[in-house]
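Chemist:
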Amino acid sequence: MDAISFTAAKANLADIMDKVCNDHAPAIIMSLEDYNAMQEIAS
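Following this line, the structure appears as structure tokens:
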């Protein structure tokens, strides 16, 4: 899994979308706080 900042995503959106489409990888946008909470619940 790759995690990138909003600034990096904004600057590289076309490349990121190409990677998602080419790799058939899921792309999820969520706050770090929500991600950390999800990880805590899953553990």
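Per our numbering: the sequence shown ends with 1285, consecutive numbering throughout.
No residue lacks a Cβ here, since even glycine has one placed at the ideal position from N, Cα and C.
Helix, strand or coil for Asp1260? Go by DSSP, reduced to three states.
Modeler: Asp1260 falls in the helix class under three-state DSSP.
Chemist: Roughly how many whole angstroms lie between the Cα atoms of Asp1265 and Asn1278?
Modeler: Roughly 25 Å between the two C-alpha positions.
Chemist: If distances are taken between C-alpha atoms only, which option among Ile1283, Pro1268 and Ala1284 comes closest to Asp1244?
Modeler: Asp1244 has its Cα closest to that of Pro1268, out of Ile1283, Pro1268 and Ala1284.
Chemist: Taking the straight line between their C-alpha atoms, what separation do you get for Ile1258 and Ser1273?
Modeler: Cα to Cα, the separation comes out at about 18 Å.
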